[in-house]
Amino acid sequence: MKKAENWQNKHTYRSSAKWIYGNFVDYDNNFRAITRKAKVRFETRDWARARSDLSERIELYEKSVLNTVNGIKDRHQNMPLGMADWDSIQSVYWDRVAGVPHGQFAKTFFNSVYRTVLHSEGKDPKHISDTAGIVSSLAPVKYQPKLKYYLNWGEIREMVYHLFSDFEFGAPFVDLDDDVDFVCQKIVNAIPTAKENQNAVLRIEVMKEIFYQSSRAFIVGKIYGSEKFQPFIIALEHTELGIKTEAVLNTVDETSVLFGFTRSYFMVDVEPVESAVHFITSLIPQKPRDELHTMLGRARQGKTERARLLYTHLASSGKEDKFEHARGERGLVMLVFTMPSYDLVFKVLRDNFGHPKTVTHNEVKKKYQFVYKHDRAGRLIDTQEFRNIEFPLKQFSKQLLEELLSECGDTAHISGEKLVIGHLYSERRLIPLNLFIKNTESEKIAETIIDYGQAIKDLALTNIFPGDLLIKNFGVSRRGRVIFYDYDELSLLTSCVFKEIPESKFPEDDLRSKPWFHVDKADIFPQEFVKFIGLNANLRKILVDSHGEIFTPSYWNSMKQLHLDNLAPEIAPYYRLTSRR
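For any residue, its number in our numbering is found by taking its place in the sequence shown, counting from 1, and adding 249.
Written out as structure tokens, the structure reads:
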């Protein structure tokens with residue numbers, strides 16, 4: 250009887266593990282099916298459906314997990330699975346997915362299902378983090394990408410024409426010969442010796458898969474000169490007249506911006522995704538692998554890779570290398586910490602928000618979820634959300650640990666030699682704009698203030714109003730780009746009401762600490778921005794001279810109308826690059 254019972258249990262564990270993996274495979278197939286639609290959207294200029302596809306793909310993971318959970322409950326409704334059963338199922342599952350291309354991702358999917366089941370049964374899944382049992386110090390296998398090779402036999406133009414002929418679209422080029430000439434000129438600019446000697450260019454290698462992002466398509470590759478290779482990316486746009494080459498990116502900086510953490514996710518059907526990550530890493534070696542996974546649409550794999558890189562760093566860091574408060578002003582909503590030797594910050598919601606914040610915890614989480622799904626236009630930082638993540642207790646400064654336990658006690662607790670944080674956000678570390686201004690030479694500050702104004706305008710073009718324009722809520726990236734990262738007051742621009750400040754009837758009205766006129770919750774008065782952004786008189790003048798319209802209701806209302814009419818232009822992902830017009 251005991252043997253029969255054991256056999257039955259083992260059969261249950263195997264069939265459950267198999268069924269969960271089958272659901273993971275279905276998720277992956279559906280993910281790729283949505284991704285493949287990008288080519289048709291580009292060919293037909295169906296940008297509305299392209300945006301819808303991206304949202305559907307982002308939401309697909311949680312929906313697939315929930316469908317799997319509901320299926321598990323149906324399969325075991327007569328005999329619900331206990332914790333010991335789940336541990337046994339996990340053991341079988343872990344054994345079977347070891348070594349397959351998406352093995353780590355399949356484990357992440359399992360953990361998501363397990364956590365959701367425990368939540369639905371009213372149990373606390375503290376021992377199951379997003380990365381439990383998945384993260385190791387071993388680097389993932391480097392799967393080789395599928396490439397196309399174009400050799401230069403003495404005529405660069407012939408090589409480029411051959412490349413274009415290999416990528417067919419269901420729409421015509423406006424002027425392919427002109428595009429070929431443009432690309433050839435960019436090649437000569439990138440490899441100057443090719444002007445006198447075309448044999449200075451050896452070959453071009455590109456990935457077989459086309460990368461789609463918003464309304465653009467990218468042929469991603471590298472070009473080899475006699476001494477070195479460099480990035481070679483052709484950016485295509487589909488205008489009303491047809492397809493044309495908009496730009497050619499051939500520097501590390503341009504490529505890094507294109508694949509940066511402030512951009513929308515790509516639609517590219519590559520299997521496994523690690524092959525694309527491996528190839529892009531060869532173009533921009535300094536770009537963290539976790540960011541590339543995420544930018545290619547595999548956010549959950551990006552999260553696992555981010556945790557792996559973090560734990561690898563912690564294991565090799567010295568005794569004096571500790572987590573500490575991040576630079577900048579103390580946040581009223583978030584406690585933010587970092588490790589000086591590691592390029593991430595971690596943001597934990599405080600139990601109680603400081604005055605005058607009235608936003609709720611749930612509202613803040615919704616803001617971050619909104620940014621996750623929205624076009625970030627190069628001005629909003631991508632965030633990874635972790636649950637029940639563990640840190641070595643010894644690597645926290647005393648002051649930070651005390652504040653985490655007292656100010657964030659609802660989510661942070663000590664377990665043995667670990668600090669467990671139930672919920673946090675991780676982001677790439679930036680220099681707060683207010684600190685950047687204090688510690689940088691004046692010429693660079695002026696450029697950055699102008700970019701700060703442009704950042705506000707870029708956000709407006711994507712239907713986002715930051716809410717709080719204080720410079721402390723913006724940061725500066727390593728490449729000098731101004732990025733917004735404080736989301737608790739962020740809102741859709743179309744939900745705001747931009748107004749002129751009414752003229753006062755009495756002189757004393759202007760001296761009141763509060764408005765003497767009625768103000769609704771959605772009312773915003775752009776004329777007041779300049780008083781509260783935190784710039785001195787000289788820097789304010791630079792901002793007003795460059796972007797004075799952002800302090801007028803007419804500018805914001807015109808932007809609002811563009812979005813209401815669905816006419817807002819898209820922001821090109823070419824920072825400091827003169828694209829072809």
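Every residue, glycine too, gets a C-beta built ideally from N, C-alpha and C.
For my contact list, residue i and residue j are in at a C-beta cut-off of 8 Å; report their separation, rounded to the angstrom.
i: E639; j: K596; result: Incorrect: roughly 17 Å between the Cβ atoms, too far for contact.
i: R345; j: D502; result: At roughly 44 Å, the Cβ-Cβ gap does not stay under 8 Å, so R345 and D502 are not in contact.
i: Y461; j: F291; result: 6 Å
i: A458; j: V519; result: The residue you asked about is not Ala; residue 458 is Glu in the sequence shown. Contact flag correct, Cβ pair sits at about 5 Å.
i: N272; j: S337; result: Actually they are not in contact, since the Cβ atoms of N272 and S337 sit about 19 Å apart, beyond 8 Å.
i: L682; j: G724; result: 6 Å
i: P441; j: L563; result: Actually they do not touch by this definition, with Cβ atoms about 45 Å apart.
i: T284; j: G546; result: 7 Å
i: S524; j: P394; result: 4 Å
Which residue wins for smallest C-alpha separation from residue i, given the options the options?
i: T632; options: K780, D539, L558, R263; result: D539
i: F714; options: R628, M408, N785, S524; result: R628
i: S340; options: Y621, E652, Y262; result: Y262
i: V366; options: Q326, I440, A347; result: Q326
i: F733; options: C745, I750, E752, D700; result: D700
i: L811; options: L788, N712, V725; result: N712
i: I694; options: F645, S740, L650, I791; result: I791
i: F888; options: E578, F508, T494, E652; result: As shown, the chain starts at 250 and ends at 830. That puts residue 888 outside it, with no answer to give.
i: C657; options: I670, I436, E486, S646; result: I670
i: S740; options: L584, D275, Y617, S369; result: Y617
i: M516; options: I492, I468, T561; result: I468
i: K846; options: A466, H351, K471, I436; result: In the structure as shown, the chain starts at 250 and stops at 830, and residue 846 therefore has no counterpart that could be examined.
i: Y736; options: K721, E690, T697, S726; result: K721
i: S646; options: I680, F586, N319, P605; result: F586
i: L742; options: P775, P751, I533; result: P775
i: L541; options: T284, R300, R512, I663; result: R512
i: N448; options: A466, R300, R406, F422; result: R406
i: R557; options: V779, T357, A626; result: T357
i: P605; options: G580, Y342, H623; result: G580
i: A299; options: K614, D323, D427, H623; result: H623
Would you report the Cα separation of residue i and residue j, rounded to the nearest angstrom?
i: L718; j: N688; result: 21 Å
i: H411; j: E489; result: 25 Å
i: K748; j: M456; result: 50 Å
i: K252; j: R549; result: Low confidence applies to K252: its pLDDT is 44, below 50, so where it sits in the model is not reliable, and the reading given next is rough at best. Roughly 40 Å between the two C-alpha positions.
i: E451; j: P480; result: First, the residue type needs correcting, since residue 451 is Leu and not Glu in the sequence shown. Roughly 14 Å separates the two Cα atoms.
i: M544; j: Y674; result: 17 Å
i: I269; j: A333; result: 17 Å
i: R636; j: F431; result: 49 Å
i: Y310; j: R677; result: 23 Å
i: G797; j: E777; result: 12 Å
i: I453; j: S304; result: 34 Å
i: A229; j: N499; result: Residue coverage of the chain in this structure runs from 250 to 830, which leaves residue 229 outside it and unanswerable.
i: V768; j: F602; result: 24 Å
i: W256; j: S265; result: Low confidence applies to W256: its pLDDT is 45, below 50, so where it sits in the model is not reliable, and the reading given next is rough at best. Whole-angstrom Cα-Cα distance: 14 Å.
i: E738; j: V582; result: 11 Å
i: V289; j: G419; result: 8 Å
i: G716; j: V620; result: 14 Å
i: E578; j: L649; result: 15 Å
i: V437; j: H351; result: 40 Å
i: F359; j: P802; result: 50 Å
i: K493; j: E417; result: 13 Å
i: G403; j: N446; result: 9 Å
i: P822; j: V506; result: 7 Å
i: I321; j: A817; result: 45 Å
i: D424; j: R294; result: 18 Å
i: S464; j: Q703; result: 21 Å
i: I705; j: E692; result: 21 Å
i: R825; j: R306; result: Low confidence applies here, because R825 scores a pLDDT of 45, under 50, leaving its location unreliable; read the following figure in that light. So the two alpha carbons sit approximately 30 Å from each other.
i: M588; j: T561; result: 14 Å
i: E254; j: F354; result: Note that E254 scores a pLDDT of 47, beneath 50, so its modelled location is shaky and nothing firm can be said.
In the DSSP assignment, find the alpha helix (DSSP H) that holds residue i and state where it starts and stops.
i: L719; result: First-last for L719: undefined, no H or E at that position.
i: S369; result: 352–369
i: Q703; result: 691–710
i: A439; result: 425–439
i: F413; result: 405–415
i: I904; result: Since the first and last residues shown for the chain are 250 and 830, residue 904 lies out of range.
Between which two residues does the beta strand (DSSP E) containing residue i stretch?
i: V731; result: 731–733
i: Y398; result: 396–400
i: S664; result: 661–664
i: I453; result: 450–456
i: F460; result: 460–462
i: K249; result: The structure shown does not extend to residue 249, since the chain spans only 250 to 830, so no value can be given for it.
Ignoring anything shorter than 4 residues or poking outside the stretch 286–337, list the alpha helix (DSSP H) runs there in chain order. List check, alpha helix (DSSP H) in window: 296–324.
Could you tell me which whole alpha helix (DSSP H) segments of length 4 or greater appear in the stretch 475–552? Fully enclosed alpha helix (DSSP H) runs of 4 or longer: 501–507, 522–532, 538–544.
For a minimum of 3 consecutive residues, which ranges assigned as the beta strand (DSSP E) are wholly contained in the stretch 567–653? Taking only runs of at least 3 residues, the beta strand (DSSP E) segments lying wholly in the stretch 567–653 are 583–588, 591–598, 633–641.
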